[in-house]
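A short write-up of the structure that comes next.
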Amino acid sequence: MSDDIVVCDACPVLCRIRPGRNGACDRYANLDGALTRLDPVLVTQRIAEAEGDLVPFGAGDWDGGLNPGAATFVTGIGSGTTYPDYKPAPFIVASEYEGVDMVTVVSEAIFSYCGRKVKIDTDRYIGAEAAAVRIDGEQVGHVTTAEYGSQMLSLGGVRHLTGGSKREGRVTCDSMLALSNGAAVEAVIDGGAELTLQVGAAPIIDGVEESRMRVGCGSATIGIFARQWHGHADEVIVVDDHITGVLSEHQAGQFLGMAKAGIRVRGRKSTPGRYFQVAGPGTGWGGTDVTDPLTIIEKIDPKSAWPGLRLMMVSTTGEDAAYFVLDEDLKPSPAAMPEALRLIVERIGENCEPALTTVMFMAGAGGSLRAGVTENPVRLTRSVAAALTRVSCGGAPVYIWPGGGITFMVDVATMPENAFGYVPTPALVAPIEFTLRREDYSAMGGHMDALRRIEDICDDGRIRATRWHDRAPWPGAPL
Amino acid sequence: MTPPVQAVLPDGRRRHFQHGPIDLVIEAFGAASQLALAYGQAWVRFQTVLEELVSELPALRAPVGGPLEGGVARRMARACAPHGGVFVTPMAAVAGAVADEVLAALLRGREIARAYVNNRGDIALHLAPGESFKTGLVTLGDEPALDVYTRILGVSAVRGIATSGWRGRSQSLGIADSVTVLASTAAAADVAATLIANAVDTRDEAIDRVAARHIDADSDLGGRLVTVAVGALPPEAVDLALGRGCDTARAMVDRGLIEGAHLTLKSRSRVVGASKLLEKVA
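Protein sequences, first through last, are from chains A and B. Position 159 of the first sequence, counting from 1, maps to 248 under the numbering used here, and the rest follow consecutively. Position 258 of the second sequence, counting from 1, maps to 334 under the numbering used here, and the rest follow consecutively.
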């Protein structure tokens with residue numbers, strides 16, 4: 090076989106491509122002996138304003154072609170990587186925005202140190218803190234510190250990508266890729282729940298789709314709705330795995346002059362009307378394992394309670410609610426819920442936000458990738474730290490973690506579709522762009538000889554345009 | 077490496093699955109709950125198809141005969157098996173077989189009225205009784221045109237459509253601009269279209285051929301000459317070449333291997349079998 094054949098490693102077929110020919114997929118070619126991606130480089134374009142009117146853009150029949158009038162930002166998606174590292178990044182783009190000369194260095198970076206922080210809007214118990222999260226039997230991460238109204242997972246990272254078995258690394262890589270590119274992923278937590286997770290969709294926990302994120306903890310729910318309940322119920326208990334609220338004991342009930350009802354719930358009292366651990370964690374009422382709410386009542390004090398007392402019990406999302414009236418023996422007897430109370434239960438639901446799964450991609454670009462930007466890599470790190478260089482990921486804004494290195498977080502939902510790839514290492518490939526003033530780029534030892542005008546890049550035919558994500562700031566704006 | 081990817085096309089209905097050289101456009105019709113499950117099943121199956129094929133690639137590039145493991149590979153061999161006597165490797169059916177396999181996965185246990193899996197022109201169909209599909213046929217040539225359509229009825233045996241020709245992505249030993257075949261599976265249509273297109277041939281100095289290996293180092297056709305250009309041909313040569321293709325197609329129809337074929341060369345077309353299915357738009 091002659092030497093001018095290029096073996097393409099973009100997919101398992103490993104096509105041997107002759108000069109001037111394409112591989113079987115028509116996406117890669119042998120151009121002058123180099124494997125070249127024919128896939129377009131993705132640019133994002135922003136809607137331009139003309140005399141106050143929005144120029145139609147991204148309408149249904151838009152073909153993904155360039156809109157010459159619109160502001161354009163070249164993303165790293167499809168740009169290829171720098172290898173060996175010292176080569177200038179695939180695209181170093183000079184552009185002018187609002188009269189300022191800007192430079193954007195565009196690359197696709199290979200990340201071993203990278204993971205996903207997953208926020209699952211639910212109070213339901215999904216597993217203990219630090220419990221293993223498994224996909225296809227392999228550990229890909231763990232349950233981490235819960236946040237307000239949400240359970241949190243930390244997935245990926247070097248320990249699972251390259252620190253475990255080959256299969257663990259592959260499953261970790263595949264699942265992170267799928268999750269980041271918008272596919273649904275099924276995970277199982279040791280001693281906990283089975284989850285179906287998809288960015289921007291409601292989480293599915295043990296086969297049940299979560300619909301609402303709680304309006305607040307049990308105590309907060311009491312605080313919000315106390316006045317509305319007053320006069321319609323003599324006691325309201327809001328069942329919550331975190332803090333269960335008891336209206337007549339709570340500051341809010343006392344402020345309204347309510348008589349203490351003498352219904353003592355289980356668990357550990359925090360402050361008046363607020364109780365921790367009324368039951369075990371679970372997927373029942375308010376993130377507890379409760380399915381019959383009366384089981385959390387420890388005793389009813391005959392000195393305070395009275396026959397005919399109206400007791401309302403409700404969860405923090407309003408999904409579960411029950412109404413009881415105490416009989417002559419002070420036993421709660423189920424009764425039809427009065428209309429006024431039913432409306433408040435509905436209002437609790439109305440005030441819940443939709444439960445979502447959201448994913449932040451977190452990665453560190455502190456390594457040799459920087460050599461593709463400048464001959465003096467630490468200057469890039471310092472420039473980013475000093476906010477003279479803006480980092481974006483597929484054009485999406487990132488949060489830079491303080492301290493050493495360039496460790497960033499980005500909401501994958503703000504990135505263009507299918508922005509992530511992988512290498513067999515295994516490691517993730519993600520786009521990254523550094524945008525800074527031209528004079529700053531020159532001063533840090535940037536590859537000025539590799540600079541190309543954005544107009545020239547847009548002319549070279551490898552460009553596919555996508556509409557800019559409305560929620561995000563414009564990545565190419567002057568610093 | 078780039079993993080398998082899926083996307084919903086801009087019309088919000090069709091799905092696009094891609095991995096390496098496999099590009100599928102998929103659409104199913106049925107209740108929303110059934111569709112979500114069906115697309116999910118199809119995606120699960122799709123993700124390992126390429127790796128399975130690659131693992132048996134040497135055997136798939138050799139003339140039919142060896143034992144094969146994968147579901148798609150066995151579909152390929154099964155489609156090629158009846159065509160003994162001419163040179164053919166299972167690769168002749170690869171596009172159709174992938175379409176058949178993914179369609180089968182999509183349908184498993186689901187209630188779907190109609191569905192198609194289109195693998196860059198080679199199409200696997202599902203039709204419940206009483207359903208039908210209208211499919212346009214672009215006749216390739218110097219001026220490609222959409223001037224033929226087929227209406228595939230649920231009562232017919234047609235569940236696969238495939239097109240071959242020297243202008244297409246695969247190499248051809250013949251000079252047909254395009255040969256479209258209707259058959260009971262996409263894999264059967266795929267291999268038949270390849271072989272009929274190979275048969276549409278004549279000798280003429282206006283035809284340029286080179287060794288297949290010279291274009292694609294991995295070609296299953298090896299040193300065989302494949303067509304790379306067809307200049308102006310005298311009408312007799314066009315008739316002769318088309319006639320040879322029609323003979324091959326007719327033999328396949330008679331043996332029950334295909335339902336029908338539509339052949340095009342230099343703006344002339346012939347239809348063999350299934351004439352009611354192939355109509356020219358006025």
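Cβ coordinates follow ideal geometry from the N, Cα and C atoms, glycine included.
As computed with DSSP, residue 523 of chain A is found in a beta bridge with A/194, A/480. For the pair residue 191 of chain A and residue 446 of chain A, the Cα-to-Cα distance works out to about 36 Å. Under the DSSP assignment, residue 230 of chain A falls outside any alpha helix (DSSP H), being part of the beta strand (DSSP E) whose first and last residues are 227 to 236. Among the residues of chain A, those whose CB is under 7 Å from the CB of residue 95 of chain B are 100, following chain order. Its Cα nearest to that of residue 282 of chain A, the residue A/217 stands out among A/217, A/477, A/511. Residues of chain B with a Cβ closer than 7 Å to the Cβ of residue 119 of chain A do not exist; the shortest Cβ-Cβ separation is about 10 Å. The segment 288 to 295 of chain A makes no contact with the segment 316 to 326 of chain A; the number of CB pairs closer than 8 Å stays below 3.
Judged by DSSP secondary structure, residue 540 of chain A falls within the beta strand (DSSP E) whose first and last residues are 540 to 542.
Taking the Cβ atoms as the reference, residue 209 of chain B lies roughly 5 Å from residue 228 of chain B, within the contact range of under 8 Å. Residues of the same chain with a CB within less than 6 Å of the CB of residue 240 of chain B, apart from the 5 flanking positions on each side, are 255, 269, 270, 273 in chain order.
Counting only runs that start and end inside the segment 343 to 417 of chain A, the beta strand (DSSP E) elements of at least 3 residues fall at 352 to 354, 363 to 365, 386 to 389, 399 to 404, 410 to 415.
The C-beta of residue 301 of chain B comes no closer than 8 Å to any C-beta of chain A. DSSP places residue 509 of chain A in the coil class of the three-state scheme, outside both helix and strand. The C-alpha of residue 230 of chain B lies about 46 Å from the C-alpha of residue 559 of chain A.
The bridge partners DSSP lists for residue 555 of chain A are A/133. At a C-beta separation below 9 Å, residue 165 of chain B has no neighbours in chain A, since its nearest C-beta there lies roughly 15 Å away.
Listed as beta-bridge partners of residue 442 of chain A by DSSP are A/302. B/305 is the residue among B/294, B/185, B/305, B/277 whose C-alpha sits nearest the C-alpha of residue 286 of chain B.
Taking a C-beta distance under 8 Å as the contact criterion, residue 394 of chain A and residue 341 of chain A do not qualify as a contact pair.
Proximity of chain B to residue 295 of chain A at the Cβ level (cut-off 8 Å) is not reached, the minimal Cβ distance being about 18 Å.
In the structure shown, the three-state DSSP call for residue 77 of chain B is coil. Taking a contact to require three or more Cβ pairs closer than 8 Å, the segment 449 to 460 of chain A and the segment 408 to 417 of chain A do not qualify as touching.
Membership of residue 120 of chain A in the beta strand (DSSP E) is indicated by the continuous run 117 to 120. Spanning the alpha carbons of residue 162 of chain A and residue 484 of chain A requires a straight line of approximately 7 Å. Boundaries of the beta strand (DSSP E) around residue 239 of chain A: 239 to 245.
Short of 8 Å from the beta carbon of residue 259 of chain A, and not among the five residues preceding or following it, lie these beta carbons of its own chain, in chain order: 515.
Counting the other Cβ atoms within 10 Å of the Cβ of residue 109 of chain B gives fewer than 16, which makes it exposed.
Taking 8 Å as the cut-off, the Cβ atoms of residue 369 of chain A and residue 213 of chain A do not count as close. Chain A has no Cβ within less than 8 Å of the Cβ of residue 117 of chain B. Taking the beta carbon of residue 78 of chain B as reference, the chain A residues within 7 Å of it are 99, 100, 510, listed in sequence order. Those residues of the segment 264 to 292 of chain A placed with their C-beta closer than 9 Å to a C-beta in chain B are 266, 267, 270, 271, 272, 273, ordered along the chain.
Of the other Cβ atoms in all chains shown, fewer than 16 fall within 10 Å of the Cβ of residue 425 of chain A; this residue is therefore exposed.
Using a Cβ-Cβ distance cut-off of 8 Å, the segment 177 to 186 of chain B and the segment 92 to 103 of chain B are in contact, since at least three pairs of beta carbons, one from each stretch, lie closer than that value. Only buried fits residue 341 of chain B, as 16 or more other CB atoms lie within 10 angstroms of its CB.
For residue 203 of chain A, not one C-beta of chain B is nearer than 8 Å to its own C-beta.
Rounded to whole angstroms, the Cβ separation of residue 334 of chain A and residue 373 of chain A is 17 Å, and the two are not in contact under 8 Å.
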